[in-house]
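Working notes, beginning with the structure itself.
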Amino acid sequence: MKQSRLMSLVESVANVIVGYGVAVVTQILIFPIFGLHTTLAQKLKMGAVFTVVSIARSFALRRLFEEIRSRTHHRS
148 MKQSRLMSLV ESVANVIVGY GVAVVTQILI FPIFGLHTTL AQKLKMGAVF TVVSIARSFA
208 LRRLFEEIRS RTHHRS
């Protein structure tokens, strides 16, 4: 069964929100182990940067694999 566009959007938004939360919580837990001390505001900003980079990476890989799939499909 194919996923609807709305559910694809909901999944993407949920993925971004969860990823952002994971990035911030990971910083809170890991930074002190390495002697890094930042404010919560700094952690939130860094989490936002990591999230944007992750979205760009995910998009680029998705388009690359779609191009590969498209070329493979057309050869068949």
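Residue 148 is where the sequence shown starts when you use my numbering, and the numbers rise one by one after that. Beta carbons are placed, not taken as given, at the ideal position from N, Cα and C, and that holds for glycine.
It is roughly 32 Å from the alpha-carbon of V200 to the alpha-carbon of H221. Between the stretch 204-216 and the stretch 171-181 there are fewer than three inter-stretch CB-CB distances shorter than 8 Å, so the stretches are not counted as touching. Counting along the chain, the unbroken alpha helix (DSSP H) around S217 starts and ends at L187 to R222. L187 and M193 have their alpha carbons spaced roughly 10 Å apart. If the five residues before and after Y167 are omitted, its C-beta is found closer than 6 Å to the C-beta atoms of G194 and T198, all from its own chain and listed in chain order.
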